[in-house]
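In this note's numbering, the protein residues as written are 1 to 611.
We put the beta carbon where it would ideally sit given N, CA and C, even for glycine.
Computed from a prediction, not measured in an experiment: that's the story for all the values here.
Here the structure comes first, spelled out in structure tokens, and everything after it is commentary.
Shown next, in the form of structure tokens:
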């Protein structure tokens with residue numbers, strides 16, 4: 001607590017003292033105090049005094065309803081969230097409980113509070129966790145799921161506190177803009193938003209705008225035929241003879257030889273119609289999908305339909321589609337029913353949507369490295385909250401293997417050794433495919449383990465809850481937004497705690513730390529190690545296939561791959577992070593220009609269709 005300023009420290013102590021005094025009050029007295037604070041808050045929303053009066057009531061309500069007592073660092077984080085800042089709280093520090101403080105404080109204004117989560121599961125779980133405290137405080141709460149009806153959504157928005165994923169809030173906003181009759185809209189004013197896993201929502205998910213599409217009237221059966229034809233012919237096109245891959249834009253561009261071949265092949269397909277430029281674009285999409293999109297990595301097949309796998313959470317992203325024909329190209333590749341081609345009806349970026357709230361705050365475990373971007377894009381200050389207990393995390397030296405197969409064997413061997421020592425092991429992978437590949441290697445060594453990926457979403461909470469027991473090995477895809485703490489049993493704690501394995505580094509260092517942060521929570525012991533191989537996809541993603549191949553060839557000539565070569569992988573990671581930052585800046589600038597143009601023309605900047 002040494003970094004806390006004198007004024008903040010004074011308020012912190014005042015809040016804790018008042019919370020202690022309220023322990024002797026009856027429930028009725030607590031509710032009366034809440035009504036008094038609500039009146040003061042309505043008179044002056046910016047009053048610091050009202051916060052000092054309100055937070056003790058929430059703290060005492062939490063103690064009575066959940067039996068949990070707020071630590072000073074949680075109260076400190078709650079104060080910063082009330083001010084509308086982004087609080088960086090390490091994994092296991094109690095963000096869900098901390099959220100009660102800004103939720104209650106801003107719910108007193110009757111404007112409504114939106115709690116933005118990364119998925120439906122966490123929205124429902126967090127609401128259920130705090131519902132007893134809400135009832136004691138006299139505020140109502142509701143959650144919106146992906147399958148909620150319009151009436152259920154309207155009722156949920158009328159509650160004091162509404163939980164939902166970011167995309168549900170965003171799409172409801174767009175659907176309301178498309179309604180010509182105000183009474184059919186579901187949302188009310190955008191008052192206060194508390195964003196859980198703020199960096200995932202505000203940065204990672206913000207790279208892709210929210211889009212509501214309508215079936216296109218162009219094409220029909222001939223368009224479906226073009227998608228299937230392109231999927232069948234894509235393998236006949238090779239690089240660099242027929243096309244070039246633009247690494248910066250991650251797009252395919254047909255060269256003259258490729259266009260000539262496409263023209264020749266199209267003449268052999270009866271019923272194929274449409275302009276050549278549109279045919280070339282369809283073929284370029286098919287080639288891109290063939291080389292960049294993999295089953296069980298980028299998407300999964302669920303009930304005969306293509307479902308996107310969220311690259312940040314490893315979860316199925318129900319209801320989302322790739323745009324500009326990419327989704328249809330994937331469906332054609334897999335031979336499933338092709339969904340209708342769509343045109344944009346309404347769109348908004350996550351940046352533009354979140355900035356429409358009167359007050360916005362966020363909490364996460366990994367925001368500090370992105371503090372400058374959060375300040376520039378959202379005008380939000382990131383505040384680092386101290387941990388309740390000192391961190392006891394040990395980093396083992398990074399190991400680099402020549403191939404992925406060799407890396408998997410190293411991981412399996414180390415896992416077996418750790419199990420003999422009485423540890424629990426959590427192994428993070430980047431895709432469903434790689435989690436199942438590693439699972440086969442572990443099975444060959446007779447190592448019992450659990451796999452958590454997009455195929456086992458329903459068992460997620462149960463698997464993670466047991467991952468801290470002695471002898472447990474859990475192989476999981478990206479841990480961002482899992483939201484379930486791993487509790488260690490005494491035997492594992494005595495043996496050295498949970499050991500986390502990174503089977504490769506991610507496109508962002510923040511995502512690496514979301515996985516690493518699963519160990520050493522609340523002062524528990526723990527350790528982690530990063531395993532790399534020269535076949536890791538991050539080298540190709542950052543440098544392109546040709547330069548990556550040269551880097552691999554040079555490193556293979558080295559007598560041993562020591563950890564000092566880790567810097568090559570870190571440079572690759574930084575290169576991708578810079579590219580993603582540029583993408584977000586471009587998207588923000590395009591959205592700003594779009595809004596300016598629309599306002600000057602007197603039209604809605606979020607609608608592309610007149611209703």
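Query raised in the report: So, residue 529 versus residue 498, is the Cβ gap smaller than 8 Å?
Result: no
Query - Range of the contiguous alpha helix (DSSP H) that encloses residue 473 - result: Where residue 473 is concerned, there is no enclosing alpha helix (DSSP H), although the beta strand (DSSP E) it sits in stretches over 473-477.
**Report entry** Unbroken stretches of the beta strand (DSSP E), 3 residues or longer, contained in the stretch 60-99
**Finding:** 86-88
**Report entry** Anticipated Cβ contact below 8 Å, residue 98 with residue 191, distance rounded
**Finding:** Not really, about 20 Å apart at Cβ, beyond 8 Å.
Query raised in the report: What separation, rounded to the nearest whole angstrom, lies between the Cα atoms of residue 238 and residue 305?
Result: 29 Å
Query raised in the report: Cβ atoms of residue 373 and residue 203: under 8 Å apart, would you say?
Result: yes
Query raised in the report: Just the Cα atoms here: how many angstroms apart are residue 200 and residue 127?
Result: 20 Å
Requested in this report: Hey, could you find the ends of the alpha helix (DSSP H) residue 622 is sitting in?
Outcome: Because residue 622 is not part of the residues shown, which for the chain are 1 to 611, the question remains open.
Report task. Within the same chain, show all residues whose beta-carbon is closer than 7 Å to that of residue 598, passing over the 5 residues directly before and after it, in chain order. Result -> 604, 605
Query raised in the report: Could you check where the beta strand (DSSP E) with residue 343 kicks off and where it finishes?
Result: 342-348
Report task. Determine contact between the stretch 336-348 and the stretch 72-80, defined as no fewer than three beta-carbon pairs at a distance below 8 Å. Result -> no
**Report entry** Start-end ranges of the alpha helix (DSSP H) lying completely within the stretch 536-582, minimum 4 residues
**Finding:** 537-543, 545-556
Query raised in the report: Is residue 595 helix, strand or coil by DSSP?
Result: helix
Query raised in the report: So is residue 188 buried or exposed if we call it buried at 16+ other beta carbons inside 10 Å?
Result: exposed
Query raised in the report: In chain order, what residues of the same chain lie with their CB nearer than 7 Å to the CB of residue 489, ignoring the 5 residues before and after it?
Result: 468, 469, 470
**Report entry** Helix, strand or coil at residue 402 according to DSSP, with G and I counted as helix
**Finding:** coil
Query raised in the report: Any idea which residues DSSP pairs residue 384 with across the strands?
Result: 88
Report task. Please go through the same chain and pick out, in chain order, the residues whose beta-carbon is closer than 7 Å to the beta-carbon of residue 138, but skip the five residues on each side of it. Result -> 31, 34
Query raised in the report: Quick one, are the C-beta atoms of residue 198 and residue 86 less than 8 Å apart?
Result: yes
Query raised in the report: If you draw a straight line from the alpha carbon of residue 9 to that of residue 84, how long is it in whole angstroms?
Result: 18 Å
Report task. Have a look at the DSSP bridge pairing and note the partners of residue 527. Result -> 394, 499
Query raised in the report: Going by alpha carbons, who is nearest to residue 100 out of 119, 140, 91?
Result: 140
**Report entry** Of the listed residues 102, 356, 61, nearest to residue 132 (C-alpha basis)
**Finding:** 61
Query raised in the report: Who does residue 142 pair with in a DSSP beta bridge?
Result: 162
**Report entry** Nearest-angstrom beta carbon gap, residue 501 and residue 428 [assumed within contact, 8 Å]
**Finding:** 7 Å
Query raised in the report: Is the CB-CB distance between residue 290 and residue 333 below 8 Å?
Result: yes
Query raised in the report: Are there three or more Cβ pairs, one per stretch, closer than 8 Å when the stretch 170-180 is compared with the stretch 207-214?
Result: yes
Query raised in the report: Just the Cα atoms here: how many angstroms apart are residue 592 and residue 602?
Result: 15 Å
Query raised in the report: Looking at C-beta atoms only, is the number of pairs between the stretch 146-156 and the stretch 224-236 that lie closer than 8 Å three or more?
Result: no
Query raised in the report: Would residue 27 be called buried (16 or more neighbouring beta carbons within 10 Å of its own) or exposed?
Result: exposed
Requested in this report: Determine, using beta-carbon pairs with one atom in the stretch 428-442 and one in the stretch 558-565, whether at least three such pairs fall under 8 Å.
Outcome: no
Query raised in the report: Skipping 5 residues on each side, what residues in its chain have a beta carbon closer than 8 Å to that of residue 176?
Result: 185, 186, 187
Query - Assigned secondary structure, residue 103 (DSSP; H/G/I helix, E/B strand, else coil) - result: helix
Report task. Please go through the same chain and pick out, in chain order, the residues whose beta-carbon is closer than 6 Å to the beta-carbon of residue 278, but skip the five residues on each side of it. Result -> none
Query - Where the beta strand (DSSP E) containing residue 282 begins and where it ends - result: No beta strand (DSSP E) holds residue 282; the alpha helix (DSSP H) holding it covers 276-292.
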